[in-house]
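Under this note's numbering, the first residue of the sequence shown is numbered 481, with each subsequent residue one higher.
Cβ coordinates follow ideal geometry from the N, Cα and C atoms, glycine included.
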Amino acid sequence: MDPRIREHAEVIVDHSIDLSEGDNIVIDAHPQAEDLVAALHEFAADRGANPLVVQNRLGERFRRAYLRNRDEFETPSHIEALYEEMDAYIAIKGRDNVTETSDVDPETTAAYQQSQQPLLNERLSKTWCLTQYPAPANAQLAQTSTEGYENFVWDAVLKDWDAVREHQAQMVEILDPAEEVRIVSGETTDVTMSVAGNETLNDYGEKNLPGGEVFTAPVPDSVEGEVLFDKPLYHQGREVTDVFLRFEDGEVVEHSAAKNEDLLSEVLSTDDGANRLGELGIGMNRDIDQFSYNMLFDEKMGDTVHMAVGRAYDETVGEDNEQNESAVHVDMIVDMSEDSFIEVDGEVVQRDGTFVFEDGFED
Numbered sequence: 481m482d483p484r485i486r487e488h489a490e491v492i493v494d495h496s497i498d499l500s501e502g503d504n505i506v507i508d509a510h511p512q513a514e515d516l517v518a519a520l521h522e523f524a525a526d527r528g529a530n531p532l533v534v535q536n537r538l539g540e541r542f543r544r545a546y547l548r549n550r551d552e553f554e555t556p557s558h559i560e561a562l563y564e565e566m567d568a569y570i571a572i573k574g575r576d577n578v579t580e581t582s583d584v585d586p587e588t589t590a591a592y593q594q595s596q597q598p599l600l601n602e603r604l605s606k607t608w609c610l611t612q613y614p615a616p617a618n619a620q621l622a623q624t625s626t627e628g629y630e631n632f633v634w635d636a637v638l639k640d641w642d643a644v645r646e647h648q649a650q651m652v653e654i655l656d657p658a659e660e661v662r663i664v665s666g667e668t669t670d671v672t673m674s675v676a677g678n679e680t681l682n683d684y685g686e687k688n689l690p691g692g693e694v695f696t697a698p699v700p701d702s703v704e705g706e707v708l709f710d711k712p713l714y715h716q717g718r719e720v721t722d723v724f725l726r727f728e729d730g731e732v733v734e735h736s737a738a739k740n741e742d743l744l745s746e747v748l749s750t751d752d753g754a755n756r757l758g759e760l761g762i763g764m765n766r767d768i769d770q771f772s773y774n775m776l777f778d779e780k781m782g783d784t785v786h787m788a789v790g791r792a793y794d795e796t797v798g799e800d801n802e803q804n805e806s807a808v809h810v811d812m813i814v815d816m817s818e819d820s821f822i823e824v825d826g827e828v829v830q831r832d833g834t835f836v837f838e839d840g841f842e843d
């Protein structure tokens with residue numbers, strides 16, 4: 481076993497979920513991640529915890545077989561009971577076929593996701609961590625060698641997360657008390673939103689591993705303007721490119737995509753909250769230096785922002801504010817490295833990817 485796999489497992493149990501004696505943990509993992517699952521079991525045994533492996537969320541082949549033969553769904557009570565009893569949930573991505581679910585009807589997927597909403601709510605109420613195993617199919621999607629992708633993943637995961645937290649805290653201090661944020665990139669993106677009363681979170685490798693972003697929730701009806709997401713989106717086994725959204729009073733009133741626009745349309749029509757923004761995130765991890773068609777990594781890239789249509793995370797919504805509810809949460813990315821700026825309450829805090837607290841901002 482590559483020693484970095486055990487290091488990866490150790491970061492998960494000690495940094496991300498703080499595994500304790502007696503904890504019941506559910507590990508939702510693709511078979512490609514078998515070595516990492518084995519290493520997690522070693523640490524679970526050492527800590528006196530109780531692991532259980534399932535393939536509910538990340539077993540794409542199984543889910544495809546199910547969804548292609550059924551079109552009405554209900555929330556499975558036995559899985560909900562399992563999640564209620566667990567103390568922590570670890571999801572490990574890794575694929576042998578990145579397009580496994582590409583021939584599942586989007587309407588069927590949307591109906592299935594709605595039925596799974598109570599499970600999502602229960603998982604997010606517990607300690608959880610989402611991470612990646614460097615599987616060959618993901619390397620192919622990233623257009624790199626298997627060894628190169630292994631290095632990419634573990635360089636991003638095995639970091640000094642305390643140093644990351646301190647660096648990103650500077651942006652949290654700017655965004656957390658803010659009233660309004662404006663994102664401008666070239667002539668294609670100019671969007672404003674209120675974040676008043678909502679909390680900005682510092683993602684330094686706890687819930688998402690790797691971490692490397694700060695994020696909050698827009699006030700749902702406050703979003704105005706237009707966004708061109710110039711980085712591709714890979715969703716349900718299909719690539720969606722050049723997504724354009726225009727917002728009025730918080731709702732998407734116009735949308736388009738250069739490729740697979742029908743899939744985008746299905747996402748936005750999943751439910752009432754799917755055509756509103758649930759997240760604004762700012763990527764700050766410059767060690768993630770290549771686009772990989774994997775949102776777990778791509779949304780953390782330095783010199784980017786991402787916005788998600790759909791569900792807002794509970795922790796980012798202030799006590800007196802409305803939370804955007806949806807069965808979907810789909811992130812999309814804007815490159816902010818050139819001809820762009822982020823403005824917070826009328827003050828520019830990032831210009832062409834450089835933050836106000838970094839060297840070179842005034843240049």
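L725: member of the beta strand (DSSP E) spanning V723 to E728, first to last residue. Residue pairing from DSSP places V533 in a beta bridge opposite I507. Collapsing the DSSP output to three states places F777 in a helix.
Within its own chain, the residues whose Cβ lies closer than 7 Å to the Cβ of G833, once the five positions on either side in sequence are excluded, are G782, D783, M816 and S817, listed in chain order. Rounded to the nearest whole angstrom, the C-alpha separation of A518 and L621 is 25 Å. Leaving aside the five residues that flank I497 on each side, the residues in its chain whose CB is nearer than 6 Å to its CB run, in chain order, A568, T607 and C609.
Residue pairing by DSSP places H488 opposite no residue, since no beta bridge is assigned to it.
Collapsing the DSSP output to three states places I497 in coil. In the three-state reduction of the DSSP assignment, T796 falls in the helix class. Between the C-alpha atoms of G574 and G826 there is a straight-line separation of about 42 Å.
Judged by beta-carbon spacing, V661 lies within the 7 Å limit of V675, meaning their Cβ atoms are closer than that value.
Looking at the DSSP output, W608 sits in a beta bridge with Y569.
Contact between T796 and T696 holds, with the beta-carbon distance rounding to 5 Å and staying under 8 Å. Residue nearest to E587 within the set K780, L744 and A636 is L744 (criterion: CA-CA distance). If you draw a straight line from the Cα of V633 to the Cα of F777, it comes to about 9 Å. Looking at the backbone, the Cα of L604 and that of D494 are separated by about 19 Å. For L547, the closest alpha carbon among the candidates G528, V584 and N536 is that of V584. Following the DSSP letters along the chain, one finds A788 inside the beta strand (DSSP E) bounded by residues T784 to G790. M816 is not bridged by DSSP to any residue.
For R718, same chain residues with a beta-carbon under 8 Å away, outside a window of 5 residues either side, are T579, S582, N740 and L743 in chain order.
The straight-line gap separating the alpha-carbon atoms of L760 and T672 is approximately 11 Å.
Its Cα nearest to that of D794, the residue N678 stands out among S749, D722, N678 and R831. Two segments are said to touch when three or more pairs of C-beta atoms, one from each, lie closer than 8 Å; by this definition the stretch 683 to 699 does not touch the stretch 709 to 729. With fewer than three CB-CB distances shorter than 8 Å, the stretch 595 to 603 does not count as touching the stretch 722 to 734. Around the beta carbon of R550, fewer than 16 other beta carbons sit within 10 angstroms, so the residue counts as exposed.
Contact check between the stretch 684 to 693 and the stretch 639 to 649: three or more CB pairs, one atom from each, fall below 8 Å, which counts as touching. Between the stretch 500 to 512 and the stretch 527 to 545, the count of Cβ pairs shorter than 8 Å is three or higher; the stretches touch. For R831, the pairing in a beta bridge is given by DSSP as F821 and T834. Between I768 and A615, the CB-CB gap reaches or exceeds 7 Å. Between the C-alpha atoms of L520 and A571 there is a straight-line separation of about 12 Å.
R766 and E552 have their alpha carbons spaced roughly 43 Å apart. Distance check between L708 and each of M812, A591, E630 and D526 places M812 closest, using alpha-carbon atoms only.
The beta-bridge partner set that DSSP reports for Y714 consists of E719. Shortest Cα-Cα distance from A788 to any of D819, L748, R544 and L499 involves L748. Closest in alpha carbon position to R831, among G753, V723, S665 and F771, is S665.
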